[in-house]
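The structure appears right after this line, and notes come after that.
Residue numbers (the working numbering): 7 to 230.
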């Protein structure tokens, strides 16, 4: 896709800022993996606090808003970890492998796949899309550059994995993934490292394993 056709901001239920060439932390989940009432309650509380902070329009309020987004994500992720109802298809190694196959399929082409963790009902990934930008990119020809934005990358990953998983589960034509993903772009090296730690320790925090590398569907490219 040409750079001048790319939307770097879009909105479904939540806003998504997706700068060209950025690294992204993305969480995507199975359809109906969180009870609607609980998710609605969480979103309403988030939006109410957000409106208050936006009205203040101060430096401290902007910092608090960033922290508010982070707290929302932690609460969102905890809902996914704690829920016992709903689908847990990714607990099946065959299904989890179908997801890993699609994640690795575009590694080195559309992004650098840094880390991921596949839990029973959701997936965390960290990808760096800067490899799509040539090192000596001519800024005057920037609008003519071919670039696959995060929104389209996620559609490719989720679309193919859903199709194969549904065939395996004998539920062809059904919705596998929740349409919207939670994503945020990485602003600095410290945040990058923190996200890696968060992803790798997800199954440890959930009490599934004692060490992150004991979990079969946790991946980190640069481990020694």
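No residue lacks a Cβ here, since even glycine has one placed at the ideal position from N, Cα and C.
When DSSP builds the beta bridges, which residues end up paired with residue i?
i	result
residue 122	131, 225
residue 170	DSSP, once it has assigned bridges, lists no residue as partnering residue 170.
Between residue i and residue j, what straight-line distance do the alpha-carbon atoms span, to the nearest angstrom?
i	j	result
residue 16	residue 109	Because the pLDDT at residue 16 is just 38, under 50, the model does not fix this residue reliably, and the point stays unresolved.
residue 219	residue 212	14 Å
residue 65	residue 158	34 Å
residue 47	residue 80	15 Å
residue 217	residue 229	14 Å
residue 77	residue 194	19 Å
residue 51	residue 44	11 Å
residue 74	residue 53	10 Å
residue 190	residue 85	19 Å
Please tell me whether residue i and residue j are closer than 8 Å, where the distance is taken between their beta carbons.
i	j	result
residue 131	residue 32	yes
residue 180	residue 34	no
residue 221	residue 214	yes
residue 95	residue 156	no
residue 103	residue 154	no
residue 192	residue 122	no
residue 139	residue 29	no
residue 202	residue 120	yes
Using alpha carbons as the reference points, say which of the options lies closest to residue i.
i	options	result
residue 127	217, 30, 29, 208	208
residue 166	182, 90, 58	182
residue 40	136, 118, 50, 92	92
residue 163	82, 73, 111, 58	111
- Can you give, in chain order, each stretch of the beta strand (DSSP E) that sits fully within the stretch 14 to 100 and has at least 3 residues? 15 to 17, 21 to 23, 29 to 35
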